[in-house]
Each structure stands twice: as structure tokens, then as C-alpha cells.
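Visitor: Residue numbers (full-length UniProt numbering): 1 to 453. First, the structure itself, so that you have it in front of you.
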Amino acid sequence: MRLPVVAIVGRPNVGKSTLFNRLIGRRLAVVDDTPGVTRDRHAGLAEWAGRSFYVVDTGGWNPGAAEGMEALIAEQVRQALAECDAVLFLTDAREGLQPLDEEISRALHRLAGSARVLLLVNKADDERWETHAHEFEALGWTDALPLSAAQGRGIGEALDALLAALPPGGSLVEPDDGVRVAVLGRPNVGKSSLTNALLGRERMIVDPTPGTTRDAVDVPVRWHGKTFWLIDTAGLRHRLDRLPAFEFYASVRSIRALERSQVALFLLDATAGVTRQDQRIASLIEESGRSVMILVNKWDLVAKDDRTALEFEEQVREALSFLDYAPLLFVSALTAQRVSKIPERIFALWEAASGKAGTGALNALLARAVEQTPPRGGRGRPRPKLLYATQTGTAPPTFTLFARHPECVSAEYLRFLGRQIRERFDFSGTPIRFQVREATGRTPKRGGGGRRS
1 MRLPVVAIVG
11 RPNVGKSTLF
21 NRLIGRRLAV
31 VDDTPGVTRD
41 RHAGLAEWAG
51 RSFYVVDTGG
61 WNPGAAEGME
71 ALIAEQVRQA
81 LAECDAVLFL
91 TDAREGLQPL
101 DEEISRALHR
111 LAGSARVLLL
121 VNKADDERWE
131 THAHEFEALG
141 WTDALPLSAA
151 QGRGIGEALD
161 ALLAALPPGG
171 SLVEPDDGVR
181 VAVLGRPNVG
191 KSSLTNALLG
201 RERMIVDPTP
211 GTTRDAVDVP
221 VRWHGKTFWL
231 IDTAGLRHRL
241 DRLPAFEFYA
251 SVRSIRALER
261 SQVALFLLDA
271 TAGVTRQDQR
281 IASLIEESGR
291 SVMILVNKWD
301 LVAKDDRTAL
311 EFEEQVREAL
321 SFLDYAPLLF
331 VSALTAQRVS
341 KIPERIFALW
351 EAASGKAGTG
361 ALNALLARAV
371 EQTPPRGGRG
381 RPRPKLLYAT
391 QTGTAPPTFT
401 LFARHPECVS
411 AEYLRFLGRQ
421 IRERFDFSGT
431 PIRFQVREAT
441 GRTPKRGGGG
451 RRS
């Protein structure tokens, strides 16, 4: 069953993102006192009185904007209105009725179509401010409902009115899970352009200004009967403690997007090479244990000969040696060059991360590896003896090694084993983790913690 869609619209800084977070019950939208912080649409699933619906948050709306960022936001709001079943028109009791409120109201009369519009007067934190709601009745809508999105005051009454305005249906159902894919990279590397290229339409605001996308936005993509969710993120920056408030939240949300993803698309800028910032982001991805594909974007802007791609890949591999398992693809989000190859590889990465190695085949590989390249001791430490292994986890593939003197198994040797296992069992694009434990005649006990290959 198709769930109803509700759009929250209003001028900048009236509390739309605060209301959005209140309705869906978690901090998804960036909330800050700076006008215009929310610039892309994004949606979340809400539930009230046993009924479910999607809520779409939008940027601060100026219907008359003709150019620049305000015009891009206005187009995004118009798209949201074209898709929704109801509109929550949010105003501000403390600032009172403003000329821009009146302009938005006139635009809604033109653009809302069959969608029911509910006028909400936010920041009515007590009865004194509730009386200011009557001022907004001049806009000509049925009611002006006072509420406080920050405190939760009046939210229940507003939701009751909303349910009465929605079309029938909307029993609680979970959205298609699919594979969740985080699109990661430093600011202005082309993440939103890539998302739009994969979707085939402008879902995200694309602008040459670094930092245009401040929120992480989940967008479903259907491919050959399968679904994956793109999480287009605000550009990751280093030193979060030095960022302005809204940029701090956006960077933290990018990290959270990585945490709840299964696959990471890591974008590099072909015109800039690999920067220190890229290396830090790559390190975050590796530490997360997510499958990853490196996408070298803006490849159309690079002058090339027969060796350009090979030489660039060598530079990437040298700078990001700890991601040596990640496949690499040269793309152009602007021209869609090789973008069509990405969905198939996303599902291949997730399949590899979810794979399992048979215990017999795994131990045969371990025996051959140890025979051909035995682990070394050194500096007074005994030579470790690896006895057997078993796979104890997926996504990322995790293996427990039982050994004599497990503390003497070096990280270098684990990387060697990881390469052997990855090649034999096709764990391409995914990190491999190891736990090394003491092998005894009794119950094995832990000798070392989880370690990376």
C-alpha cells in the first residue's frame, strides 16, 4: 500500500526541521538557528494513532526567488508539493505574520492542488504565545493551529488534524530495506551529482559552492527488481571541533550515515588527486568495516593518454594502501560516464561481504599458506603456530584463528592471510577482520582482540 506523503513548508528559520525531527522521533534533519540550514528535501517515516505516513522536510522557501541558492530551494519545494498528499504550512508565532508568509500562502493556493494545507503556528511555547495564532487566520486557511515543535506542545492536536486530512490507508508498514549505500567524500567532490546521475533526475541540490549538501538524505533506487538506498551525505571535514554548529552536525551525520550503511561509495576528485582529507575519510571507511568502492569522479575533465588511468590508479593505491581491496572505477557524474556500472557493483560488494567460507576449504587454505609462508617470531618472541580457523562473522567477514602464542601473530601476517582468503573466497571490496585466540586442549580462550587484515 502506498503511504501518504506530507510536506513541511515555510520561510527560513520557522522550525521546519525541528518539527520534522519531532514527527519522525529522531534527529534526522540538521537543526540550527542559522536561516536556510536545510536546503535539500529529505523524508522520514512517521506513525500516529496506528497510521503511517512519510514526512518530507524542505528548505526555507522564497517562492519569488529567481536565481542562486534560493531559486534551487524553491524548485525543490515545488517538487515536494507535486508529490505530497498534505502540506504542513509552518509559521512563527514570535515573529508574527510576515510578508513572506503571505507570499508563501498565495503560492500554496496555486501549487498545492488537491493536497490539504494545514496552517501551523510554531514557537507557541505557552498560552501567551498561543493567542498570536489568530493573527495568521488572515491567510485564509481553515484553522491556525498553535504548537511548539521544540517542546512538543500541541503536536498531538496537529497530528489528529493531519490524519483527518490524509487519504484513507497508511497502516504501519516498514519501507523496503534493501542495501544502504553511503556516498562519501570531502565537500564539493560531486556526491550529489552522482546521486542525481544514479536517479536520472535532480533529486539533490547541485551547486559548485562547497558544502551545498548539509544533511544526509536517503533516496531509494530500483535496479533490475532490487532496491538500494543512497545516503548522500554532507562533505566530511576533519577537526569537527572547529566547525560552525551546523557543519559540525552535518559532518557527524555523515559519520552516522556510514555507520548505518552496508556499502560505501568513496568519491575522489580526479582534478585534485588524493588529498590529506581524502586519506582521513578513507581511514574512517576502513575502520567502519564497510564494503567500499572508490569512484574517481570528474574523469571527463582530465586530459588523458593510454597510461593516464593506470598512473592515476597507482597514485591512489599508494596513497590509500590500506584500501588495497577496494575496486576502483573512473566516472563522471556530470556526463554519466560509467555510472550505469555502479548498481551492479554495489550488489556484488554486498554479496561478497555477506559471503561465507566453508570451514574445510578455509583450513586447507590456512595450511597451505602457513606451509609456504610460515609466520615469524622475532626479538626474543617465539614463532606462533596457527592450528585452525573458522569464520565467525559477516559484513565484514570475520575469522577466528586458533594458535599457539597468538600474541606473536603480526599485523603484517594477518594482512597476508587476508589477501589469501579474499582472493580464494571472492571477498572483493570488503575488509577482513581477525580474532586470534589461544588454542588449548580445553575450551579455547581469547589471546588477542579483533584485528584487521
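We put the CB at the ideal spot given by N, CA and C, even for glycine.
Could you tell me the distance, in whole angstroms, from the CA atom of residue 142 to the CA atom of residue 119?
Guide: Numbered from its first residue, the sequence shown carries residue 142 at position 142. Numbered from its first residue, the sequence shown carries residue 119 at position 119. Each residue's Cα considered, the two are about 8 angstroms apart.
Visitor: So residue 291 is in the beta strand (DSSP E); what residue range does that whole segment cover?
Guide: Locating residue 291 in the sequence shown gives position 291, counting from the first residue. Here the beta strand (DSSP E) through residue 291 covers 291 to 297.
Visitor: Spatial neighbours of residue 159 within its chain, please: C-beta separation below 7 angstroms, excluding the five flanking residues on both sides.
Guide: Working through the sequence shown from its first residue, we reach residue 159 at position 159. Hits under 7 angstroms: 48.
Visitor: May I ask you to report which of helix, strand or coil DSSP gives residue 341?
Guide: Along the sequence shown, one-based indexing puts residue 341 at 341. Residue 341: helix per DSSP, three-state reduction.
Visitor: Would you mind listing the alpha helix (DSSP H) stretches within the stretch 80 to 143 that are 4+ residues and don't spill past its ends, in chain order?
Guide: With a minimum length of 4 residues, the continuous alpha helix (DSSP H) runs that stay inside the stretch 80 to 143 are 99 to 111 and 127 to 130.
Visitor: When the Cα of residue 425 is compared with those of 78, 359 and 115, which residue comes out closest?
Guide: Sequence index remark: in the sequence shown, residue 425 carries index 425 (1-based). Nearest C-alpha to residue 425: 359.
Visitor: From residue 84 to residue 58, what distance separates their C-alpha atoms?
Guide: As a working mapping, residue 84 is identified with position 84 in the sequence shown. As a working mapping, residue 58 is identified with position 58 in the sequence shown. The straight-line gap from Cα to Cα measures roughly 12 angstroms.
Visitor: Our contact map puts residue 189 next to residue 269 with C-beta atoms below 8 angstroms; I'd like the distance itself, whole angstroms only.
Guide: Translated into the one-based positions of the sequence shown, residue 189 becomes position 189. Translated into the one-based positions of the sequence shown, residue 269 becomes position 269. Contact holds; Cβ gap of about 5 angstroms.
Visitor: Check the Cβ-Cβ distances between residue 292 and every residue of chain B, and say whether any is below 8 angstroms.
Guide: The structure shown has no chain B; it contains just one protein chain.
Visitor: How many whole angstroms separate the CB atoms of residue 63 and residue 74, which I take to be in contact at a CB cut-off of 8 angstroms?
Guide: Along the sequence shown, one-based indexing puts residue 63 at 63. Along the sequence shown, one-based indexing puts residue 74 at 74. Rounded, the Cβ-Cβ distance is 6 angstroms, consistent with contact.
Visitor: Alpha carbon to alpha carbon, how far is residue 394 from residue 356?
Guide: Looking up residue 394 in the sequence shown gives position 394. Looking up residue 356 in the sequence shown gives position 356. C-alpha separation (whole angstroms): 7 angstroms.
Visitor: Express the C-alpha separation of residue 277 and residue 239 in angstroms, rounding to a whole number.
Guide: Taking the first residue of the sequence shown as 1, we reach residue 239 at position 239. Taking the first residue of the sequence shown as 1, we reach residue 277 at position 277. With a pLDDT of only 47 at residue 239, under 50, the local geometry of the prediction cannot be trusted, and the value read off the model is given with reservation. Near 10 angstroms, if we compare the C-alpha coordinates of residue 277 and residue 239.
Visitor: Considering only the beta carbon of each residue, do residue 108 and residue 89 sit closer than 8 angstroms?
Guide: Stepping through the sequence shown from its first residue, residue 108 is reached at position 108. Stepping through the sequence shown from its first residue, residue 89 is reached at position 89. In contact: residue 108 and residue 89 (Cβ atoms closer than 8 angstroms).
Visitor: Give the single residue among 180, 167, 229 and 124 whose Cα lies nearest to the Cα of residue 199.
Guide: Reading the sequence shown from its first residue, position 199 is the one you call residue 199. The shortest Cα separation from residue 199 among 180, 167, 229 and 124 belongs to 229.
Visitor: At a cut of 8 angstroms, does the stretch 146 to 156 reach the stretch 122 to 132 through at least three beta carbon pairs?
Guide: With a cut-off of 8 angstroms, the stretch 122 to 132 and the stretch 146 to 156 count as touching, because enough Cβ pairs lie within range.
Visitor: Pull up the CB-CB distance for residue 91 and residue 117, whole angstroms please, since I reckon it's below 8 angstroms.
Guide: Taking the first residue of the sequence shown as position 1, residue 91 is located at position 91. Taking the first residue of the sequence shown as position 1, residue 117 is located at position 117. The pair is not a contact, with the Cβ atoms about 12 angstroms apart (cut-off 8 angstroms).
Visitor: With DSSP collapsed to three states, give me the class of residue 334.
Guide: The count along the sequence shown starts at 1 and reaches residue 334 at position 334. Reduced to three states, the DSSP call for residue 334 is coil.
Visitor: Given a threshold of 16 other Cβ atoms within 10 Å of its Cβ, counted over all protein chains shown, does residue 304 qualify as buried or as exposed?
Guide: Residue mapping note: residue 304 aligns to position 304 of the sequence shown, counting from 1. Flag for residue 304 reads exposed.
Visitor: For residue 393, name the three-state secondary structure that DSSP assigns.
Guide: Translated into positions along the sequence shown, residue 393 becomes position 393. Note: residue 393 maps to strand in three-state DSSP.
Visitor: Looking only at its own chain, which residues have a Cβ that is under 6 angstroms from the Cβ of residue 416, when we skip the five neighbours before and after it?
Guide: Stepping through the sequence shown from its first residue, residue 416 is reached at position 416. So no residue of the chain qualifies.
Visitor: Report the rounded CA-to-CA distance for residue 115 versus residue 263, giving the unit in angstroms.
Guide: Against the sequence shown, residue 115 aligns to sequence position 115. Against the sequence shown, residue 263 aligns to sequence position 263. Their Cα atoms are separated by approximately 37 angstroms.
Visitor: Quick one: residues in its chain with C-beta nearer than 7 angstroms to the C-beta of residue 61, no 5 flanking neighbours on either side, listed in chain order?
Guide: Mapped onto the sequence shown, residue 61 falls at position 61. These residues qualify, in order along the chain: 9, 10, 11, 73, 74, 77 and 104.
Visitor: In angstroms with no decimal places, state the Cα-to-Cα distance between residue 182 and residue 195.
Guide: Indexing the sequence shown from 1 puts residue 182 at position 182. Indexing the sequence shown from 1 puts residue 195 at position 195. Going by the C-alpha atoms only, they are around 10 angstroms apart.
Visitor: State whether the stretch 369 to 380 contacts the stretch 344 to 351, with contact taken as three or more CB pairs (one from each stretch) at a distance under 8 angstroms.
Guide: Result no; under three Cβ-Cβ pairs closer than 8 angstroms.
Visitor: May I ask which residues mark the beginning and end of the alpha helix (DSSP H) holding residue 165?
Guide: Indexing the sequence shown from 1 puts residue 165 at position 165. Segment 155 to 165, the alpha helix (DSSP H) holding residue 165.
Visitor: Can you tell me which of the three DSSP states residue 410 falls into?
Guide: Within the sequence shown, numbered from 1, the residue matching residue 410 stands at position 410. If DSSP states are grouped into helix, strand and coil, residue 410 belongs with coil.
Visitor: Between which two residues does the alpha helix (DSSP H) harbouring residue 278 extend?
Guide: Numbered from 1 along the sequence shown, position 278 holds the residue referred to as residue 278. Element bounds for residue 278: 276 to 288.
Visitor: Measure how close the beta-carbons of residue 353 and residue 291 come, nearest whole angstrom, since I'm counting them as under 8 angstroms.
Guide: The residue you call residue 353 lines up with position 353 of the sequence shown. The residue you call residue 291 lines up with position 291 of the sequence shown. With 8 angstroms as the limit, residue 353 and residue 291 qualify as a contact, their Cβ atoms being about 5 angstroms apart.
Visitor: Please report the Cβ distance between residue 273 and residue 315, rounded to the nearest whole angstrom; I am assuming they are in contact, meaning their Cβ atoms lie under 8 angstroms.
Guide: Taking the first residue of the sequence shown as position 1, residue 273 is located at position 273. Taking the first residue of the sequence shown as position 1, residue 315 is located at position 315. Their Cβ separation, rounded to whole angstroms, is 7 angstroms, which keeps residue 273 and residue 315 in contact under 8 angstroms.
Visitor: Terminal residues of the continuous beta strand (DSSP E) containing residue 438?
Guide: Working through the sequence shown from its first residue, we reach residue 438 at position 438. Unbroken beta strand (DSSP E) run through residue 438: 433 to 438.
Visitor: Would you say residue 295 and residue 320 are within 8 angstroms of each other, going by their C-beta atoms?
Guide: Taking the first residue of the sequence shown as 1, we reach residue 295 at position 295. Taking the first residue of the sequence shown as 1, we reach residue 320 at position 320. Taking 8 angstroms as the Cβ cut-off, residue 295 and residue 320 do not qualify as a contacting pair.
Visitor: Going by DSSP in three states, residue 300 sits in which element: helix, strand or coil?
Guide: Residue mapping note: residue 300 aligns to position 300 of the sequence shown, counting from 1. Three-state result, residue 300: helix.
Visitor: Identify whether residue 223 lies in helix, strand or coil by the three-state DSSP scheme.
Guide: Translated into positions along the sequence shown, residue 223 becomes position 223. Three-state result, residue 223: strand.
Visitor: So what's residue 44 in DSSP terms, helix, strand or just coil?
Guide: Reading the sequence shown from its first residue, position 44 is the one you call residue 44. If DSSP states are grouped into helix, strand and coil, residue 44 belongs with the strands.
Visitor: Quick check on DSSP: helix, strand or coil for residue 179?
Guide: If you number the sequence shown from 1, residue 179 lands on position 179. In the structure shown, residue 179 sits in a strand (DSSP, three-state: E or B).
Visitor: Can you give the Cα-Cα distance for residue 17 and residue 100, rounded to whole angstroms?
Guide: Residue 17 sits at position 17 when you count from the first residue of the sequence shown. Residue 100 sits at position 100 when you count from the first residue of the sequence shown. Answer to the nearest angstrom: the Cα atoms are 18 angstroms apart.
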